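Report on one structure; see the data block that follows.
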Amino acid sequence: MSVQSNTHINKRLIRWSLSEIRQGQLWPVTVALVLIVACIFALTALAERMEQVVVKQGKEALTADTVFISANPVADDFYQLLDGNALISTTQTRFATMAFSDNGMKLITVKSVDETYPLQGEMVLANDTETFERVNPGELWLDERLFNQLDVTIGDSVTVGDADFLVSGRIVEEPGLSFNPFQQMPSAFIHNSDLDKTGAVQLGSRVRYSVFINGDLDVIENVKSQVELTPSERWRDQNSASRTNEVFQRTEQYLSLTVAIVVIMAATTLVLTCHHYVATRRKTIAMLKSLGASKMWVTRWLLTQVAILMTTAAVFGILLGIGLEFLLRIPLVDLLPNPLPSYGIKPALIALSTSFLIAVPALGIPLINLTNVSAVNVMQPTSEGQGSWARYALILVPIVPMLVAYRDNQLVWIVLGGIISLFLVLGGLSVLITRALSKIPLSTAFKLALSRINRSMTATGVQFGALALSLMLLSTMWLVRTDLLTDWQTTLPADAPNAFALNIAPYEKDAYLNVLDKNEIDRSEAYPIIRGRLQNINGQDAKELAKGEEGTDALRREINFTFADKVPAHNTFIDGEWSRERGVSVESDVARDLGLKLGDELSFVINSQQVTATVNSIRAVEWRDMKPNFYFIFTPDVLKDIPATYLVSFRVEERNDQVLNALSRQHPTVSLMDIRTMGAKIQALLSQIVWSITLLAAIGVLSGLLLIFTLLRLSLGQRQEEIQLYRTLGASKKRVQQTIWAEYGLMALVASFIAIVGSELVVGAIMVLGFELEPTLHTLLWITLPTGTFFTLALVVNSLIKRLLTPINKAFS
1 MSVQSNTHIN KRLIRWSLSE IRQGQLWPVT VALVLIVACI FALTALAERM EQVVVKQGKE
61 ALTADTVFIS ANPVADDFYQ LLDGNALIST TQTRFATMAF SDNGMKLITV KSVDETYPLQ
121 GEMVLANDTE TFERVNPGEL WLDERLFNQL DVTIGDSVTV GDADFLVSGR IVEEPGLSFN
181 PFQQMPSAFI HNSDLDKTGA VQLGSRVRYS VFINGDLDVI ENVKSQVELT PSERWRDQNS
241 ASRTNEVFQR TEQYLSLTVA IVVIMAATTL VLTCHHYVAT RRKTIAMLKS LGASKMWVTR
301 WLLTQVAILM TTAAVFGILL GIGLEFLLRI PLVDLLPNPL PSYGIKPALI ALSTSFLIAV
361 PALGIPLINL TNVSAVNVMQ PTSEGQGSWA RYALILVPIV PMLVAYRDNQ LVWIVLGGII
421 SLFLVLGGLS VLITRALSKI PLSTAFKLAL SRINRSMTAT GVQFGALALS LMLLSTMWLV
481 RTDLLTDWQT TLPADAPNAF ALNIAPYEKD AYLNVLDKNE IDRSEAYPII RGRLQNINGQ
541 DAKELAKGEE GTDALRREIN FTFADKVPAH NTFIDGEWSR ERGVSVESDV ARDLGLKLGD
601 ELSFVINSQQ VTATVNSIRA VEWRDMKPNF YFIFTPDVLK DIPATYLVSF RVEERNDQVL
661 NALSRQHPTV SLMDIRTMGA KIQALLSQIV WSITLLAAIG VLSGLLLIFT LLRLSLGQRQ
721 EEIQLYRTLG ASKKRVQQTI WAEYGLMALV ASFIAIVGSE LVVGAIMVLG FELEPTLHTL
781 LWITLPTGTF FTLALVVNSL IKRLLTPINK AFS
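In terms of the UniProt record's numbering, the sequence shown opens at residue 1 and continues consecutively.
What follows is the structure, given as structure tokens:
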């Protein structure tokens, strides 16, 4: 009987708690907790997947203990050094060339290996009946995509460069990172013995030679110390920085930043909602205590409400987080492997524990205060319960873990510091503006509203600062998104070249160009291409003079050089003029990064030869116009003795497809890059980026709107007793309504104005400093933000105004 009685009491307590949640308007607490759980779950799940992928980028991804990489053929002395130290090695030659079938053609990445490749990891090749692990002479293994793109099946003939192969089968699993987003071309494997007959590797061709090495790490380190690297050579091991790792880290950092902002807004909503609830429930608690309710019973009742809110938030937050992680993963579809590693239960545990840590002080401090309300409050209200200041130590519960979690993420701390500074600045500006408005002749309603606003400088500053900051964060996120997308979508000129022919040998250049001209295809000049590196500036090492700019392409890798009798017409001189001998023209960004000026003597390493030239001019280049552009353009005499291949760009239409097919078959070693197909890929990628940015911005908008709604509701709730007093003293309903709308209309106008000015300045700085784009004035924002703010405000006022206008005698009848 006792158990049944307790069960009945618990059921009534739960029903009463549910009713209290609805009447006490605690639903923002659930929404805020759902946002916190969902965002943290999604970020942690995605990070967990990426971490597992990065872990796989160790020796197995390298397919060896270490890899020696060169842009030039590896000398026999190097192999002798490896053999002398009893190290096991295998080689891979990687290059791009055209592949042809009877039904199509495609630019592909060919990887030429021997039968010992790979040394580590697993390669799975399959035909219709069995699987293989090695590539043998005469075989051709194709990426799965090529079967559709070339419209071939196993056993069909495919021409790679000048060589004909029968398709041996498909690449099921490739060792290493086959999901590199920067490698757009599908792969094909052939044997090293078949490399020469393809005819695709010539002087000036872009080729990567890799030697994979296995052995004792100390021995490998000893070998490394004996090898003097040229500018075109490097070592790579599992500790080397990879571009994929950098993308993962930056993606995670920016996602962390967005989540941090959302969590801050949602946590603020928790605090404000709970304080509002406490402010409206002191009399209720005092009345319950006066009727005999103990502090323990009140605590149990409040904890039941918290448990319901937390359970609801946990369930919906995890479900929303699963969907959010899927949506955030869409732009990374080409970066992550398939199938994806599972993220397990860890993200759910982290999300729930984080939301609990945030909820402890956000809900705990005000609710502890509420349990300490005395029964005397029924007759003589006091400002708050008699609680211990020790309860404020609960703030440390989320702060300490946050310090640990984000200790290395400088971006988050910079933004947090900026948010705090902006809050103080925006709050101060709001106070100054409202004080200035009070000196302007206005209607009675506006004078009463300003009198109420200016009554407490601190309260006004906090309220307006929080509202303006929320609006500013929302508008900044949205404007950055809009400006970037507008720039991306207008980057490509309508008449831009959409095809490039690379690796054109000197003996076939005229024939190739004649076909284009005969068919009236608009083309560029044919530019000779030679690959090399900048080594010295005025006799000093270029990297030492770069002042930390080693990330610039001019130093980080081998780049394409060209020579010409004059600078291309689509480049603009900034300084200097073209010379006829021993000269080089430098692109303006490189000149700025490396501190180059007219008259500087530059030394380059090209095909293991050293050449020098004097800077004769500095050019401005628009890299996004899809025309051939170069960092360095030499006078012809500097590179006359170095072999080169040629590049030409042109614009083709559908009617020219047969011409392209014929050209590709007549010149099989010429790499034709038809970017019409690539343009579709870029557009698809752009759509994915748009989706990702919009999704993140939408999450921020949702959390910001929730915070704004809570701020306005709390502000209006604080005026309840004052408004009821006005009504009791005889103020008309119309006068009170006019004062309320005037006060909140001014709030929307002032906060929106400050937020717009702030966001315009911040977005302008981001565009100029971060993306080198021209800042623009967003006229539409000056209309939509105040309107949207006032609309949100109107929803809040309409939801509470009837209760606020109830005369005080009816309120207690």
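Beta carbons are placed, not taken as given, at the ideal position from N, Cα and C, and that holds for glycine. Here the structure is a predicted model, which means the values were calculated and not measured.
Three-way DSSP call (helix, strand, coil) for residue i in this model
i, result
"Lys543", "helix"
"His275", "helix"
"Thr495", "Just to set this straight, residue 495 is Asp in the shown sequence, not Thr. In this structure, Asp495 counts as coil in the three-state DSSP scheme."
"Ile529", "strand"
"Thr789", "helix"
"Gly215", "coil"
"Tyr406", "coil"
"Leu448", "helix"
"Met123", "coil"
"Met767", "helix"
"residue 819", "No statement about residue 819 is possible, as the shown extent of the chain runs from 1 to 813 and does not include it."
"Pro807", "Because Pro807 sits at a pLDDT of 49, beneath the cut-off of 50, its placement in the model cannot be relied upon, and the following sentence gives the value as read from the coordinates. If DSSP states are grouped into helix, strand and coil, Pro807 belongs with coil."
"Leu795", "helix"
"Ala99", "strand"
"Glu246", "Below a pLDDT of 50, predicted positions are generally treated as unreliable, and Glu246, at 49, falls in that range; the measurement from the model is reported next regardless. Correct three-state label for Glu246: helix."
"Gly583", "strand"
"Asp641", "coil"
"Gln666", "helix"
"Ile537", "strand"
"Leu65", "The residue you asked about is not Leu; residue 65 is Asp in the sequence shown. In the structure shown, Asp65 sits in coil (DSSP, three-state: anything other than H, G, I, E or B)."
"Ile521", "coil"
"Gln202", "coil"
"Phe753", "helix"
Rounded distance between the beta-carbons of residue j and residue i, thought under 8 Å
i, j, result
"Phe189", "Lys111", "5 Å"
"Glu34", "Leu320", "The question names Glu, yet the displayed sequence has Val at residue 34. The pair is a contact, with the Cβ atoms about 6 Å apart (cut-off 8 Å)."
"Leu274", "Leu367", "Before going on, a small fix: residue 274 reads as Cys here, not Leu. Indeed they touch by this definition, with Cβ atoms about 7 Å apart."
"Val37", "Ser355", "5 Å"
"Thr614", "Gly583", "6 Å"
"Ala362", "Val271", "5 Å"
"Leu195", "Asp65", "Their Cβ separation, rounded to whole angstroms, is 25 Å, which puts Leu195 and Asp65 out of contact at 8 Å."
"Leu416", "Met472", "Between Met472 and Leu416 the Cβ distance is about 15 Å, and since that is not below 8 Å, they are no contact."
"Leu469", "Phe650", "In fact, because the Cβ distance is near 53 Å, the residues do not count as touching under 8 Å."
"Phe95", "Val201", "6 Å"
"Leu426", "Ile754", "5 Å"
"Asn560", "Ile529", "5 Å"
Neighbour-count burial assignment, residue i, 16 or more Cβ in a 10 Å radius
i, result
"Met667", "The sequence as given places His at residue 667; Met does not occur at that position. With 16 or more Cβ atoms within 10 Å of its Cβ, His667 is classed as buried."
"Gln80", "exposed"
"Arg49", "buried"
"Pro786", "buried"
"Pro137", "exposed"
"Asn616", "buried"
"Pro73", "exposed"
"Ser232", "buried"
"Tyr392", "exposed"
"Glu174", "buried"
"Asp593", "buried"
"His276", "buried"
"Glu325", "buried"
Residue(s) in a DSSP beta bridge with residue i
i, result
"Ser17", "BP columns for Ser17 are empty, so no partner."
"Asp164", "Thr159"
"Met747", "None, per the DSSP bridge assignment."
"Lys111", "Arg94 and Phe189"
"Asp575", "Ile618"
"Phe78", "Partner(s): none; Phe78 has no beta bridge."
"Trp141", "Gly169 and Phe189"
"Asp194", "Answer by DSSP bridge pairing: none, since Asp194 is not bridged."
"Ala564", "Ala564 is not bridged to any residue."
"Trp235", "Phe68"
Contact test: residue i Cβ vs the ligand NAD heavy atom, cutoff 8 Å
i, result
"Ile350", "Because no ligand of any kind appears in the structure shown, any question about the ligand NAD cannot be addressed here."
Checklist entry - Should the region 524 to 537 be regarded as contacting the region 654 to 667, the criterion being three or more beta carbon pairs within less than 8 Å? => result no
Checklist entry - Is the number of C-beta pairs between the region 623 to 641 and the region 461 to 476 that are closer than 8 Å three or more? => result no
Next on the checklist: So, does the region 502 to 515 touch the region 208 to 227, judging by three or more C-beta pairs under 8 Å?
Outcome noted: Of all C-beta pairs linking the region 502 to 515 to the region 208 to 227, fewer than three are shorter than 8 Å, placing the two stretches out of contact.
Item to check | Validate contact between the region 573 to 588 and the region 635 to 649 using beta carbons, cut 8 Å, 3 pairs | outcome: Yes, since at least three Cβ pairs between the region 573 to 588 and the region 635 to 649 fall closer than 8 Å, the two stretches touch.
Checklist entry - Okay, do the region 440 to 458 and the region 738 to 755 touch, 3+ Cβ pairs below 8 Å being the bar? => result yes
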